[in-house]
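Peer 1: Residue numbers (this note's numbering): 228 to 505.
Quick one: this structure, given as structure tokens, is what I'll be asking you about.
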């Protein structure tokens with residue numbers, strides 16, 4: 228009799244667990260459908276920020292970021308807390324290594340992480356799992372892959388980004404030349420990650436990218452862009468490079484891009500969901 232009771236209780240527990248799993252699965256499907264419809268109409272996720280518990284940065288870390296990122300300074304205090312949480316989360320999932328005598332400091336890690344978070348702040352997923360390791364050289368280095376001198380590169384097979392620290396800093400010191408190594412390389416990471424990791428933000432990023440590239444494939448529009456001399460020649464190396472250079476312009480001189488190419492400006496803003504009222 229006692230054994231029968233135990234079996235009945237066990238069966239109830241199993242059925243209850245299956246019911247909970249089914250309900251959660253059904254709710255997930257319903258949410259995905261609602262968000263898909265919402266994203267189709269608005270070109271943005273249904274929500275972006277929801278964290279528990281909320282990780283915090285120290286006052287010194289916050290001051291470091293605020294001094295170097297105007298994006299951060301324009302966020303309200305609540306959004307700055309979200310930014311802080313993402314920086315902390317990003318750093319928790321990445322490893323940094325110095326090369327050719329370069330010493331990795333907390334400030335170096337913070338600068339790189341804040342760059343990534345700035346670019347993904349309009350996306351729900353921000354940890355970029357396609358990237359695990361960041362190697363930093365003091366200056367231009369000889370790539371072990373291409374056997375050529377590089378300022379930066381991203382290897383998705385090794386899940387590794389490589390940066391010249393001198394050129395990384397120059398990208399932020401000259402804020403209106405539309406050349407920023409950190410932004411450029413992280414856009415490549417986001418590009419690959421969007422294809423590898425299924426997410427609503429990744430889908431929006433890919434769709435907007437395709438619209439830009441398809442537009443560029445039109446002879447009349449491509450000639451218009453080429454003759455404008457607005458973008459440096461490197462932008463026309465391939466489709467990936469064009470998007471990366473375009474984002475550099477969007478971040479560093481948004482009003483100039485908006486004035487010259489309002490259609491591209493709108494697509495990049497849509498691609499990154501880059502709105503100050505995230």
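Here a beta-carbon is modelled for each residue, glycine too, at the ideal position from N, C-alpha and C.
If you reduce the DSSP assignment to three classes, tell me which class residue 323 lands in.
Peer 2: Three-state DSSP puts residue 323 in a strand.
Peer 1: As a quick exercise: from 328, 271, 387, 355, pick the residue whose alpha carbon is nearest that of residue 418.
Peer 2: For the residues 328, 271, 387, 355, the minimum Cα distance to residue 418 belongs to 355.
Peer 1: Within 10 Å of its beta-carbon, does residue 497 have 16 or more other beta-carbons around it, so buried, or fewer, so exposed?
Peer 2: By the 10 Å Cβ count, residue 497 comes out buried.
Peer 1: Can you tell me the Cα-Cα spacing of residue 493 and residue 241, whole angstroms?
Peer 2: Distance between the alpha carbons of residue 493 and residue 241: 51 Å.
Peer 1: Pick out the complete alpha helix (DSSP H) segments inside the segment 243 to 325, 4 residues or longer, and give them in chain order.
Peer 2: Qualifying alpha helix (DSSP H) stretches, in chain order: 286 to 295, 297 to 301, 304 to 319.
Peer 1: Between 375, 293, 377, which has its C-alpha nearest residue 341's C-alpha?
Peer 2: Looking at the Cα atoms, 293 is the closest of the given residues.
Peer 1: Quick one: is residue 320 buried, meaning 16 or more other Cβ sit within 10 Å of its Cβ, or exposed?
Peer 2: Exposed, because fewer than 16 other Cβ atoms sit within 10 Å of the Cβ of residue 320.
Peer 1: Would a C-beta distance cut-off of 8 Å place residue 458 and residue 472 closer than the cut-off?
Peer 2: Yes. Within cutoff.
Peer 1: Along the chain, where does the beta strand (DSSP E) that runs through residue 372 open and close?
Peer 2: Careful: residue 372 lies outside any beta strand (DSSP E) and carries neither H nor E.
Peer 1: Can you say whether residue 502 is buried or exposed, counting buried as having 16 or more other CB atoms within 10 angstroms of its CB?
Peer 2: It is exposed - the Cβ of residue 502 has fewer than 16 other Cβ atoms within 10 Å.
Peer 1: Assign residue 456 to buried or exposed, taking buried as 16 or more other Cβ atoms, counted over all protein chains shown, within 10 Å of its Cβ.
Peer 2: It counts as exposed.
Peer 1: Spatial neighbours of residue 363 within its chain, please: CB distance less than 6 Å, with the 5 preceding and 5 following residues excluded, ordered by chain position.
Peer 2: Within the same chain, residue 363 has close Cβ partners 325, 329, 390, 392.
Peer 1: Would you list the one or two residues that DSSP bridges to residue 388?
Peer 2: The partner list for residue 388 (beta bridge, DSSP) reads 361, 381.
Peer 1: Determine which residues share a DSSP beta bridge with residue 446 and list them.
Peer 2: Beta-bridge pairing links residue 446 to no other residue.
Peer 1: Helix, strand or coil for residue 404 per DSSP?
Peer 2: In the structure shown, residue 404 sits in coil (DSSP, three-state: anything other than H, G, I, E or B).
Peer 1: Counting only the same chain and skipping the five closest in sequence on each side, list residues whose C-beta sits under 6 Å from that of residue 273.
Peer 2: So the list reads 262, 265, once near-sequence residues are dropped.
Peer 1: Applying the criterion that 16 or more other CB atoms from any shown protein chain within 10 Å of the CB defines a buried residue, is residue 347 buried or exposed?
Peer 2: Answer is buried; the Cβ neighbour count reaches 16.
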